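Note sheet for the following structure.
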Amino acid sequence: MGTLLYEWMTARQAADALDAYLAERGPALERLRAALAEHGLEPDEMLDGSLYSLSPLWAWISARASELGVDPRPLAEDPTRPAWPSWARHGKLVDPHPPAATIALLDGFVSYLEQLVGDAAPEATWQVGEHLIADHPLLNYPVLGSEHHQVFLPGIPLYSAYQSAHGRAPMTGTEMLAHIRRTVDALHGEGPEAAAVEEPLVTVVAEVDCFDVGLREDIPTLHPQVVEQLIDELCDRDGVESVHRYGPAALVVDVSGWDELRLKLWCTLWLQRHLPR
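Residue numbers for the sequence shown, in the working numbering: 28 to 304.
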């Protein structure tokens, strides 16, 4: 399937992509163990199977991602791309992108997350992402899901790795641990993520020369300061020329070089990190 995006896959292709993703988990974890040992860390101590271990592990990965920075080549010219994990080849990565070494660390971290989240929420199963709303960001993605919630495990770590690679503030180890705890709660049917599963945080519609962005209706009512922060940080992104707010939950974004999917994913991941819990 090459670099076919999850969003454009047929049902059969998405099922095959899920199988490929699961087959990669064991080898990715072994590579993470090797990377830890190579840098003088004890894999058995860093990966002790507790949720608490996520905090120092993520702090180390973030530091490495900052050191490694971005790959100088565009995605289309990066010769390492065919060897990337399937979630990175079929997901929506953008330039300037993290190098293969960072993506490999993320892949191992995702495998470790799979074990911990699976142990904490044994009722969750691996599924092809689906939703009643056709443009849901997880459509066709490999997700860990229950009847209450579904999660694409690489999503938040990848977002944070981009922050590190670009010299911006990544998620701390404490933030990552809190995110995973909320994920486990949501899989159990508890917390705001589970309650909001039927409505996406963001919808994006492409118009002539701009995008209409709609936020979930409760966000500006309950968290008006978050909307202002979202606008400020979006304006600071490469290619974004303007963001105009024409209603409490409605934005018009003028951005060159972005498509509907990229804008939707960026806003969704940003809100997942910054909404108060």
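From the three backbone atoms N, C-alpha and C, an ideal C-beta is built for every residue, glycine too. Note that the structure is predicted; figures quoted are calculated from it, not measured.
Using 8 Å as the threshold, is the C-beta distance between residue i and residue j below it?
{"i": "L261", "j": "V270", "result": "yes"}
{"i": "W293", "j": "G266", "result": "no"}
{"i": "Q142", "j": "G156", "result": "no"}
{"i": "G172", "j": "Q190", "result": "no"}
{"i": "L329", "j": "R272", "result": "In this structure the chain extends from 28 to 304, so residue 329 is not present and cannot be described."}
{"i": "P169", "j": "A44", "result": "yes"}
{"i": "G200", "j": "A103", "result": "no"}
{"i": "L95", "j": "A128", "result": "yes"}
{"i": "H250", "j": "L302", "result": "yes"}
{"i": "V282", "j": "E268", "result": "yes"}
Could you round the C-beta distance between residue i and residue j to whole angstroms and report it? I think they count as a contact, below 8 Å.
{"i": "S82", "j": "L204", "result": "5 Å"}
{"i": "M198", "j": "R300", "result": "6 Å"}
{"i": "A276", "j": "E244", "result": "6 Å"}
{"i": "L214", "j": "A148", "result": "4 Å"}
Alpha carbon to alpha carbon, how far is residue i from residue j?
{"i": "L326", "j": "P109", "result": "Missing from the structure shown is residue 326; the chain here goes from 28 to 304 and no further."}
{"i": "K291", "j": "G118", "result": "13 Å"}
{"i": "A41", "j": "N167", "result": "5 Å"}
{"i": "I160", "j": "P125", "result": "Confidence in I160 is poor, its pLDDT being 48 and thus under 50, which makes the residue's placement unreliable; the coordinate value appears in the next sentence. In a straight line, the C-alpha of I160 is about 31 Å away from that of P125."}
{"i": "W111", "j": "D71", "result": "25 Å"}
{"i": "A47", "j": "W114", "result": "9 Å"}
{"i": "S80", "j": "D212", "result": "18 Å"}
{"i": "T210", "j": "L242", "result": "21 Å"}
{"i": "L185", "j": "E287", "result": "19 Å"}
{"i": "R100", "j": "E217", "result": "43 Å"}
{"i": "R52", "j": "L228", "result": "29 Å"}
{"i": "L74", "j": "A192", "result": "24 Å"}
{"i": "E174", "j": "D98", "result": "39 Å"}
{"i": "E234", "j": "I183", "result": "28 Å"}
{"i": "L140", "j": "L180", "result": "7 Å"}
According to DSSP, what are the bridge partners of residue i?
{"i": "L290", "result": "Answer is none; L290 lacks a bridge partner."}
Practice problem: Count the CB pairs spanning the stretch 51-65 and the stretch 134-152 that are closer than 8 Å, and state whether there are at least three. | Solution: yes
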